Structures are given as structure tokens and as C-alpha cells.
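According to this note's numbering, the stretch in the sequence shown is residues 40 to 263, in order.
The beta-carbon is built from N, C-alpha and C at its ideal position, and this holds for glycine as well.
Computed from a prediction, not measured in an experiment: that's the story for all the values here.
In what follows, a structure is listed as C-alpha cells, so that the remarks can point back to it.
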Amino acid sequence: MKREVMKHDRFIICIGLMLIVLEIWKQLTLWIVEFDGRYNVWYFPFQLCSMPMYIIAMYAFLLSRDSFAGFKTEKLRKVLLTFLQDYGFLGGILSLIVHDGLIHPGHILLTAHGFLWHLFLVVLSLYISVKKLSLSGAKGFLCTVPLFLFFSFIAEMINISLHGYGDCDMFYISPFHLSSQPVFHEIDIMVGRCAGIGIYLTTVIIGALMIHKILEKANKLLTI
């Protein structure tokens, strides 16, 4: 059992290391090649699909500890894996389906990077699901919501802090313009940006919950 757990940990951390290397390459290439030495804050690495890079680093940090901030690290690690499974699959699969944002005309390697990154997210999510490494049920999913809201808060602080340097739209919740996302742009027009952000974040949570339930049900069918 312990050997099996270590194998899972190694796989997850290897994915995390690959994501970090890919992100460093992407940031340098965007800065030096695509934008000729100018940094475009639109590409600051704190979108929802960037979170697995940070979460796996947190996961690795917790591996050598029995408790952290008064919580058992075993439960905290499960919460992180559940987040990776649900939000990772949601962000990964939607980005692969609606992939306009992954295309960099004239820069084939940057385009390939975008597809590869989101494919990694989907593969990691399915691995966590199939190996039953996440928390189960709606109650298990709800443990991820505070983490999502925390990341959303950090994203908004980044949007505000970097606004003077360009259009920074982490998590697509910049308060300085209407949503750049299909459908949610129209919702913002109707209800206002502040309420629109609340609706958008709620929709993401509901979407991740649906993914959680679908993956859980698929797992049960596979084990019949």
C-alpha cells in the first residue's frame, strides 16, 4: 500500500515539475520572442488552468508533514487532489474544446504548449479519479470551494495590482471591463460587472461539481 501511494505521489509531482518547466519556457518565449522584450500581463501565470502548478507544489510541501496549521495533512492533500481532479478537468477540457485562446499565430511551439498543458490537466484529473485519490461525494467536493474562492481572491488582487501595466484578467474576473467570456459578457451587460463576476464564479463551482459527480459515477460503472 505504501509503495502504491509513493508511486502516485511520484506521478503527480512529475506532472507538477513538467508544468513548472513548461510555464517557465512559455513566459520566457512570450517575453523575448513574441513580444520583443516587453512583458504582457495578460499572460501572468495565475489563471484557473495555472493552479495545478501551484497546487502540486503545495502537495509536495505537505508530503513530509503530518499536520499543517492545525489540520491533518492527509486530509489537506486529499482536498488538493480533489481540486486538481474537478477544476483541472473542467478547465482543461473546456480550453481544449474552445481553444481560440491557445492559438499563437506564427508561433507553433507556443500553440503546441497550450494544447499540451491542458492535455496534462485532463490526464492528471483522470489519473486521480481512476486511482480513487480524491474525496468522494458532494461533501468531499465542498471542501474544495474555500480553496477556489481563495485563489479567486488572489486573482482579483493581481488584476487590480497589475492593471496599470495592461489588461490583466486572471480567472477572467477583472473588475475593469465586462467579461471576455462568451455568454458571461451578455450577463454582465444585464446585471453589471460585480454581479456578473459572482455569477461566473458560481457557475465555475457548479461546473466543477458536475465534473466531480460525472467522474465518480463513471468510476462506479467501471468497477461493476
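The criterion of a C-beta distance shorter than 8 Å is not satisfied by P91 and Q66. Taking the C-beta atoms as reference points, L135 is found no nearer than 8 Å to I167. Counted as a single uninterrupted DSSP element, the stretch harbouring P84 is not any alpha helix (DSSP H), since DSSP gives it neither H nor E. Beyond the five residues adjoining it in sequence on each side, E255 comes within less than 7 Å, by CB distance, of S175 in the same chain, given in chain order. Listed in chain order, the non-local C-beta contacts of V184 below 7 Å within the same chain comprise I244, local neighbours out to five positions each way being set aside.
One Cα belongs to L141, the other to V161, and the distance between them is close to 15 Å.
Under DSSP, the beta-bridge partners assigned to F107 are F110. Separation of L148 and W81 (C-alpha to C-alpha, rounded to the nearest whole angstrom) is 19 Å. Going by DSSP, L141 is part of no alpha helix (DSSP H) at all; its letter is neither H nor E. Exclusion of the five residues before and after L58 leaves P91, M92, I95, W156 and F159 as the residues of its chain whose Cβ lies within less than 8 Å of its Cβ. Per the Cβ contact rule, the segment 228-246 is not in contact with the segment 105-113 (fewer than 3 Cβ pairs under 8 Å).
In this structure the segment 191-203 does not touch the segment 60-79; the number of beta carbon pairs closer than 8 Å is below three. In its chain, beyond the 5 residues on either side, P214 have a beta carbon closer than 8 Å to the beta carbon of I199. When C-alpha distances from G153 are compared across I238, N258, G131 and T242, the shortest belongs to G131. DSSP places K256 in the uninterrupted alpha helix (DSSP H) bounded by R232 to L261. About 4 Å separates the beta carbons of T121 and S173, which is inside the 8 Å limit, making them a contact pair. Y126 is not a Cβ neighbour of L165, given a cutoff of 8 Å. Within the segment 119-199, the complete alpha helix (DSSP H) runs of at least 4 residues fall at 147-169 and 176-181.
Contact between F180 and L248 holds, since their C-beta atoms are separated by about 5 Å, short of 8 Å. About 6 Å separates the CB atoms of N79 and G205; that is less than 8 Å, so the two are in contact. Within a 10 Å sphere around the beta-carbon of S103 sit fewer than 16 other beta-carbons, which makes this residue exposed. For V222, the closest of T242, D208 and C182 by C-alpha to C-alpha distance is T242.
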